[in-house]
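**Q** The structure is given below, and queries will be raised subsequently.
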Amino acid sequence: MRIRADGPAVADVRSAEIKAAGYSPWTEVGEVYTVPLTLTVWARSAEPSFLFGLEGAGHTQTVYAAVLPDALTLLHQLAPTLQALGVTDQIARAEPETRSVLADVLDKVHDRQRDKSGRLRRDRS
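With this note's numbering applied, the sequence shown corresponds to residues 4 to 128, in that order.
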């Protein structure tokens, strides 16, 4: 696997410069000011084919993956964080009128039941 983290920070390399280097957006997770960490992956045909930009809390990290299998391995390693980011992102975006839907989903996941007034039932019967 060929991955290196010795490039310039994404914050220091503007989007136009990344595009000028032949990269185009491949995938993105999270939104600045909504989640504590965002990931942007850029791709191009020449090696290193993938540029990973991790940004959060005023810090950035750039990681390059040479080819698709290397990029997929790195994504696999980041998957638990990305999953948590996805959930955090959805919770952060919940509008007041959809929060009850979110509560219903969480109740179902945790096998909780509510009475007619909306309070959690203590008994499991």
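Ideal Cβ placement from N, Cα and C applies to all residues, glycine included.
Hey, quick one: how far does the beta strand (DSSP E) through E58 stretch, first residue to last?
**A** Residues 53-59.
**Q** Is V104 buried or exposed, if buried means 16 or more other CB atoms sit within 10 Å of its CB?
**A** V104 should be labelled exposed.
**Q** Look up E50 in the DSSP assignment and say whether it is helix, strand or coil.
**A** The answer is coil: DSSP assigns E50 none of H, G, I, E or B.
**Q** Per DSSP, S27 forms a beta bridge with which residues?
**A** Answer by DSSP bridge pairing, in chain order: A46.
**Q** Where DSSP assigns a beta bridge to H113, which residues make up the other side?
**A** Bridge partners of H113: none, in fact.
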